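Asker: Residue numbers (this note's numbering), protein chains in the order written: chain A, 1487 to 1634; chain B, 16 to 335; chain C, 1123 to 1607.
All C-beta atoms, glycine included, are put in the ideal place defined by N, C-alpha and C.
Keep in mind it's a predicted model, so treat the numbers as computed, not measured.
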Amino acid sequence: MSDFEPKIIGFLCNWCSYEGADSAGRAGKVYPANLKVIRVMCSGRIDPQFVIKAFREGADGVMILGCHPGECHYKEGNYQALRKYILLKKMLTQFGIEEERIRLHWVSASECDQFVKVVSEMVKDMRQLGPLMKVNVGRFMKVARVRR
Amino acid sequence: MAKPKIALYWCSSCGGCEESVVDMAEDIIKIKESADIVFWPGAIDTKYKDVKEMKDGEIAVCLINGSIRMDEQQYMARLLRKKSQIVIAQGSCAHIGGIYGLANFYTKEECLNRAYKEVPSVRNPEGILPQVKSKDDERELELSGFHDLVKPLDQVIEVDYYIPGCPPNPKYIVEAIMCILQNKSIPKGSVFADRKALCATCSRSDTKPEKAVLKEIKRVHEWIWDPEKCFLAQNMICLGPATRGGCEERCIKANMPCRGCYGPTENVVDQGGKFLSALASIIDSKDEDELKKIADSILDMGGIFYRYSLPSSLLRKRIK
Amino acid sequence: MGKRITIDPITRLEGHGKINIFLDDKGEVERAYLQIPEFKAFEKFCEGRLAEEMPVITQKICGVCPTAHHTASSKALDDLFKVDPPPAAKKIRELMYNAFMFEDHLFHFYFLAGPDFIVGPDSPELGKNIFGVIDKVGIETGKKVIDIRNRVRRLNATISGSSLYPVCGLPGGVSKTLTKEDITNMKVVTKDALEFAKFTLKIFDDVVLKNKKYTDLINSDTYCHQTYYMGLVDENNKVNFYDGKIRVVDPNGKEFIKFEAKDYLKHLEERVEPWSYLKILYLKDIGWKGFVDGQFSGIYRVGPLARLNASDGMATPLAQAEYERMFDTLGGKPVHKTLAYHWARLIEVLYAAERMDELVKDEELTSPNVRNIPVQTPEEGIGVCEAPRGTLFHHYKTDKKGILREANLLVATQNNAAAICMSIEKAARVFIKKGKFSDGILNMIEMAIRAYDPCLACATHILLGNMPVIVKIFNKNKKLIKQIS
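1) Output, in chain order, the set of chain A residues within a Cβ distance shorter than 9 Å of L78(B).
2) V1394(C) touches chain E at which residues, Cβ-Cβ below 8 Å?
3) CA-CA distance, I1495(C) and A1595(A)?
4) Alpha carbon to alpha carbon, how far is A1534(C) from K1459(C)? Give it in angstroms, no decimals.
5) Can you find the residues in the same chain that come closer than 7 Å, C-beta to C-beta, to N1341(C), ignoring five residues on each side of it along the sequence?
6) Are K301(B) and P1555(A) close, meaning C-beta to C-beta below 8 Å?
7) To the nearest angstrom, how far is it from the Cα of A1539(C) to the Cα of H1138(C)?
8) Quick check on V1186(C) - is its C-beta less than 8 Å from some C-beta in chain B?
9) Below 8 Å CB to CB, which residues in the same chain sit around T1301(C) once its five sequence neighbours on both sides are set aside?
10) May I ask you to list, following chain order, the residues of the stretch 107-127 of chain B that have a beta carbon less than 7 Å from some beta carbon of chain C?
11) Any beta carbon from chain B within less than 8 Å of Y1287(C)'s own beta carbon?
12) Would a C-beta distance cut-off of 8 Å place I21(B) and V76(B) closer than the cut-off?
13) Give the interface partners of F1601(A) over in chain B, defined as CB-CB distance under 7 Å, in chain order.
14) Taking three-plus beta-carbon pairs below 8 Å as touching, is the stretch 1222-1230 of chain C in contact with the stretch 1184-1192 of chain C?
15) Would you call the stretch 1195-1202 of chain C in contact with the stretch 1269-1287 of chain C, where contact means no fewer than 3 C-beta pairs closer than 8 Å?
16) In the DSSP assignment, what residue or residues form a beta bridge with F54(B)?
17) Report the partner residues of D151(B) according to the DSSP bridge assignment.
18) According to DSSP, is G142(B) helix, strand or coil?
19) Nearest to A1211(C) by CA position, among F1378(C), N1491(C), K1313(C) and R1271(C), is which residue?
20) Is it the case that the Cβ atoms of E1568(C) and I1127(C) are separated by a distance below 8 Å?
21) What is the C-beta distance between I1270(C) and A1315(C), in whole angstroms, given that I count them as a contact (C-beta under 8 Å)?
22) Look at the alpha carbon of S324(B) and the alpha carbon of V36(B), and state the distance between them as a whole number of angstroms.
23) Buried or exposed for M1589(C), going by 16 or more other Cβ atoms inside 10 Å?
24) Would you call the stretch 1322-1334 of chain C in contact with the stretch 1396-1410 of chain C, where contact means no fewer than 3 C-beta pairs closer than 8 Å?
25) Flag this pair as yes or no: are the beta carbons of P224(B) and N270(B) separated by less than 8 Å?
26) Please check the pair A1549(C) and M1566(C), which I expect to be a contact at CB under 8 Å, by giving their CB distance rounded to whole angstroms.
27) Any C-beta of chain B within less than 8 Å: which residues of the stretch 1540-1561 of chain A qualify?
28) Could you pull out every residue in the same chain whose Cβ sits closer than 7 Å to the Cβ of Y1445(C), ignoring the five residues on either side in sequence?
29) Below 8 Å between beta carbons: does that hold for Y1574(C) and W1397(C)?
30) Among T1579(A), G1506(A) and G1547(A), which has the Cα closest to the Cα of K1610(A)?
31) When the Cβ atoms of the stretch 203-211 of chain B are set against those of the stretch 247-255 of chain B, are three or more pairs found closer than 8 Å?
32) Identify the contact partners of G317(B) in chain A, using a Cβ-Cβ distance below 9 Å as the criterion.
33) For I1584(C) and G1425(C), I'd like the C-alpha separation in whole angstroms.
34) Using a beta-carbon distance below 8 Å, is D1533(A) in contact with chain B?
35) If you draw a straight line from the C-alpha of N1520(A) to the C-alpha of Y115(B), how long is it?
36) Measuring only the C-alpha atoms, how far is D1479(C) from K1309(C)?
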């Protein structure tokens, strides 16, 4: 698996963790390029369907970054994210998705080092764990029909 | 003028949808007066060749129930699509995959081995499995080939309308057929059931929790609950918030929680994920360790949240 | 020149199957196969599920007899958790069960197999169905059939939520109590149900038993097999659908074995054939000797006729009188004539109606005490009941948390699988001579199957799919000559 580069999707909240990621960039910090960032207004916005869809479309890992407890711009959105995350990662083991593939961390706007640390760790661990799917079956699935 | 033609067909089904057609009771006579039922293997004796000989579009409306798991069913679904102007997916299996979809948590080999080799009552020292082609004393016999996964109908053919439910409510079957026979204009992809979640019409909705209240989850055999209060408010899993209404709360009336057979509400693809979200929002804890304990007490989330909808969910099956 | 005949789909029965009949050089039947191309992986996908959810999961094996699976499953859970339901709960379950047997048997008679008799086997194909029946007996009677079925199903819905999706079964009882108002409404229904049961037996008498063509058919050797018979009996050896011991009698009517559900593995075994997904059950004590009749073959039958053969009588008076009348008319016990299944079925309808009427008058039904909470750690549980088509076993093994680790289901029609194959072959041998056959003749063969009221969805509780029955005719060189589908 030496040439396997995991694809990681990161959902970052606008007020803290996205700012934290930006500050890492501004400071010229080096971290693996495997992370694709999707900005949401709050980590509490993250619907489990987003995480599941990410795996289906080929992600090997999904990361959720939010504000520290007590610091959420919308007061308790990060706790909502925490609850969903803990249930979701347990449920997805029944689908064969290991718990380590979904991670949630608190990263504030000024914590660029923390951001670099969690991303680097995750990439390293995913490289060891290997790809989630041998073939990206998401490509072959017809787009799920949304029913009216 | 000739009456319009109706066909009913079953794929991988239990027969409950046919029973719900029969449950239309006297309405079935009303339908018989407005249309000719030309194909219905469960109840009348017309054969496949009669369908093959029909012209394309000759059947006005065809109700297909059951999920697709075999070559033969896929073939018949496609054939009936050609011969019918309108195809309605009837029942949970055709709509979202149904309860047999839980087999998508296992591989085809695991399923076969369990049934034919491992169960304690079977005596099969040679490890015989049913075969697509086999010989008995030089006589050749064939069985239809089967697929690795269970699929709902719209993953195989284009479907015009859906009548959800396991089993579907007979009143929606009558409504669907009569609307079409009366040429009423209905948007394609419509689902014949309520548009809102079950909670909207549930008699217990007054006590539905508005904020986080759950500290633990109780299972149905562990205690006796209040027969008038919302299940979620009593720490029990009820898929009402994530399930389309229209079933007239038959399970709730029998004092048992909803298990989601009507499928997700509008614009939701993954019913299990949506319910997980709803459940998480009423769990009363902010502490990670406490949350882990609560999560550990919720057993078999996959089997309960995706009871009927696994094949139509985002992941569809166990990935690894 | 030999040919092969395939009947596909077999219509007017639950589930899908196909029959392949092979002819020899002279056009006589050499061998017939009933192939079931249906398979539902219940025994696998139930693993990992919660034990208390099993009654609502396993009932989806079959939409025609969900209540049977629901009940066998509830009883297996009682055994799993070692909890005994309170008397009121058992009576509620039994009331629901008899109501279900009543309307299910009636459904089979009027909608599935009955058309053969009431409309007539020689009638044109498209008339042999419920609509043909309504044309023949008149719209008023037709409406009565639909109405009583509907009302009895609503009675069940009052108890269990829905007749097609009963949810009330729990380990140690049922989920819901019954009110006095419920009972008052039910009493009206059970009274009418009893009248209707008598009325149906009268129709059977007028249309079938007084018609020499039919009685000749019933008494002929064509539809006759000497097998063992199995059914649930109560402590007086009377037929009971809900509970009891399993009794097997030999082809001469003598008791062979009597055992409890928990010992089923000692006496029953399954066999796999590569040409069908349906596993075949036979008596372990005797062993599998092939598709043959007789004392030395392990093949046995279940279902209405078998239950009546295996018992010493019916527990209610009107049904008992009919029971005696049937055996007197057909030459004593046991009756081996397959078409007598239809008569036995209607006797069971009468018994179910009487039993419903009895239970609904029991004051204990409105008791508020309908559940006992389990306290033992679950491990293993076996439940049995008599489905309309025969004996049904559910066997679960779980871990300490009650998550299912193993499931084994022996479903009614599997018990009859071998007998059905034999009945088809025998009927085929009689009707197909010198390679000649017609649609009408093929229907006579289908009649052999319909007598058993097979539930092929149940029988194959393995999800692979449905395929209607196709008839294909092959010659001795295995070339397909004709296909009727």
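Answerer: Reading from the atomic positions:
1) The CB of L78(B) never comes closer than 9 Å to any CB in chain A; the least such distance is about 17 Å.
2) Looking for chain E here will not work: the only protein chains present are A, B and C.
3) Computed Cα separation, rounded: 53 Å.
4) Their Cα atoms are separated by approximately 19 Å.
5) So the qualifying residues of the chain are K1459.
6) In this structure, P1555(A) lies closer than 8 Å to K301(B) by Cβ.
7) So the two alpha carbons sit approximately 14 Å from each other.
8) Closer than 8 Å: yes.
9) Excluding positions up to five away in sequence, the list reads T1488.
10) Using a CB distance below 7 Å, the part of the stretch 107-127 of chain B facing chain C consists of I114, Y115, L117, A118, F120, Y121, E125 and C126, ordered along the chain.
11) Closer than 8 Å to some Cβ of chain B, the Cβ of Y1287(C) qualifies, so yes.
12) Yes; because the gap between Cβ atoms is below 8 Å, this pair is in contact.
13) Correct list: empty, because the minimum Cβ distance to chain B is about 20 Å.
14) Contact between the stretch 1222-1230 of chain C and the stretch 1184-1192 of chain C is present, because at least three Cβ pairs lie under 8 Å.
15) By the C-beta criterion, the stretch 1195-1202 of chain C is judged not to be in contact with the stretch 1269-1287 of chain C, since fewer than 3 inter-stretch pairs fall below 8 Å.
16) Beta-bridge pairing links F54(B) to A22(B).
17) Looking at the DSSP assignment, D151(B) forms a beta bridge with R154(B).
18) If DSSP states are grouped into helix, strand and coil, G142(B) belongs with coil.
19) Closest option to A1211(C), judged by alpha-carbon separation, among F1378(C), N1491(C), K1313(C) and R1271(C): N1491(C).
20) No. Outside cutoff.
21) Contact between I1270(C) and A1315(C) holds, since their C-beta atoms are separated by about 6 Å, short of 8 Å.
22) Just so you know, the alpha carbons of S324(B) and V36(B) end up roughly 22 Å apart.
23) At M1589(C) the pLDDT is 31, less than 50, meaning the model places this residue with poor confidence; the figure from the coordinates comes in the next sentence. With a 10 Å radius around the Cβ and a threshold of 16 neighbouring Cβ atoms, M1589(C) comes out buried.
24) By the Cβ criterion, the stretch 1322-1334 of chain C is not in contact with the stretch 1396-1410 of chain C, since fewer than three pairs of Cβ atoms, one from each stretch, lie closer than 8 Å.
25) For P224(B) and N270(B), no; Cβs fall outside 8 Å.
26) Their Cβ separation, rounded to whole angstroms, is 6 Å, which keeps A1549(C) and M1566(C) in contact under 8 Å.
27) Within the stretch 1540-1561 of chain A, those residues whose Cβ lies closer than 8 Å to any Cβ of chain B are, in chain order, F1541, R1542 and P1555.
28) Close CB contacts of Y1445(C) within its chain, under the 7 Å cut and outside five residues either way in sequence, are with L1430, G1435, M1436 and I1469 (chain order).
29) Taking 8 Å as the cut-off, the beta carbon of Y1574(C) is found no closer than this to the beta carbon of W1397(C).
30) The residue with the shortest Cα to Cα distance from K1610(A) is G1547(A).
31) Contact fails: fewer than three Cβ-Cβ distances are below 8 Å.
32) Within 9 Å Cβ-Cβ: M1577, L1578, T1579, Q1580 and F1581.
33) Here I1584(C) scores only 42 on pLDDT, less than 50, and its place in the model should not be relied on; the value that follows carries that caveat. When rounded, the distance between both Cα atoms is 22 Å.
34) Yes, D1533(A) counts as interfacial toward chain B.
35) C-alpha separation (whole angstroms): 38 Å.
36) Each residue's alpha carbon lies about 7 Å from the other.
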